[in-house]
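Residue numbers (the numbering used here): 773 to 972.
A virtual CB, placed ideally from N, CA and C, is assigned to each residue, including glycine.
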Amino acid sequence: MVISAIIFGWISVLIFFIILFTYKKLIDNNEYAFLHILMAVMYSLWLPLPVTLFYVADSQVLLIGTIFGIAYISMLIISLSLQTGHIIFLLKQNQDNAISEQHGSYMMATLSNPFEGLLGIFKSIWAFYLALTFWASEETMFASLITIHSLFLIYYLFIVLDASLMKRIKLISSVKSNPFVVNLETLLFFLILMVYVTFY
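What follows is the structure, given as structure tokens:
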């Protein structure tokens, strides 16, 4: 199981870098649907990782975190797949503009925000339990790195609250969702976990 998870996990890291270096070209060619399904495949290959970490760490402390980790990845795969279907329909089947641009934006917002912000909270809770596990086993370097990622809980919580509240709160609304920050944090998070699973 561990070997398969390692292979799948590093393939996902490779896909992440492929997306990173081809992103501009994909966007220029209007390949939004392909980009989203590629990301869905990437996260699908990371799906065994929470269970693998639980098995490798051999800690009951991580059980709750594992549940949040599985929920995070599974729901993100579903979200990206639904977004792909929505984009494909708009680009290929909506030639008569039966669905307006405003309605299309509404559907995309429904499938992404604050849904993906909530998933960020799930990931941060998973990171929190991972950090507890690493601290308990005195793996200081990994514990310190993952603790930083668990602190992103505040960032994602602010994003979800700002998207959900009718009356905006100045402090909360000052925190904006930044795709660059989210993607960089996600890449580093999974890189750390892959290094741990592979070499420890």
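Comparing C-alpha positions only, which one of the options sits nearest to residue i?
i      : options                           : result
Ser719 : Tyr928, Phe952 and Pro951         : Nothing in the structure corresponds to residue 719, since the chain is present only between 773 and 972.
Tyr901 : Gly841, Phe930 and Ile778         : Gly841
Ala935 : Ile918, Phe887 and Ser853         : Phe887
Thr838 : Glu911, Ile849 and Leu825         : Leu825
Ile836 : Lys942, Ser846 and Val823         : Val823
Phe789 : Glu910, Leu960 and Leu965         : Leu960
Lys895 : Tyr968, Met811, Ala812 and Glu957 : Glu957
Phe861 : Phe806, Ile779, Met811 and Tyr972 : Phe806
Leu925 : Lys939, Thr912, Val954 and Glu911 : Val954
Tyr972 : Arg940, Leu923, Leu854 and Phe906 : Phe906
His808 : Thr794, Leu852, Phe780 and Leu834 : Leu852
Leu834 : Met811, Val967, Ala915 and Asn885 : Ala915
Met913 : Val967, Lys939, Met811 and Leu923 : Val967
So, helix, strand or coil for residue i, using DSSP?
i      : result
Pro820 : coil
Val932 : helix
Pro886 : coil
Asp800 : helix
Lys939 : coil
Tyr827 : helix
Val833 : coil
Lys895 : helix
Tyr844 : helix
Asn950 : coil
Ser773 : For the record, residue 773 in the displayed sequence is Met; it is not Ser. It is coil, neither helix nor strand.
So residue i and residue j are supposed to be a Cβ contact under 8 Å. How far apart are they, rounded?
i      : j      : result
Ser949 : Gly889 : 7 Å
Ala903 : Thr919 : 4 Å
Ser846 : Leu819 : 7 Å
Leu965 : Leu821 : 6 Å
Trp782 : Tyr844 : Trp782 to Tyr844, Cβ: 20 Å. No contact.
To the nearest angstrom, report how far apart residue i and residue j are at their CA atoms.
i      : j      : result
Gly892 : Val932 : 9 Å
Leu963 : Lys796 : 23 Å
Leu736 : Ile849 : The structure shown does not extend to residue 736, since the chain is modelled only from 773 to 972, so the question has no answer here.
Gly857 : Val947 : 30 Å
Ile778 : Val813 : 16 Å
Val774 : Val969 : 8 Å
Leu943 : Phe952 : 21 Å
Ile859 : Thr794 : 19 Å
Ser784 : Leu937 : 35 Å
Ile941 : Gln855 : 29 Å
Phe930 : Leu917 : 22 Å
Ser922 : Met811 : 22 Å
Asn885 : Phe780 : 28 Å
Asp910 : Lys939 : Sequence check: residue 910 is Glu here, not Asp. Looking at the two C-alpha atoms, the distance is approximately 45 Å.
I want to check one thing, is the minimum distance from the CB of residue i to the heavy atoms of the ligand ADP below 6 Å?
i      : result
Trp907 : For the ligand ADP, the structure offers nothing, since it holds no ligand at all.
Does the segment 796-806 come into contact with the segment 821-833, if we say contact requires no fewer than three beta-carbon pairs (one atom in each stretch) closer than 8 Å? Touching, no.
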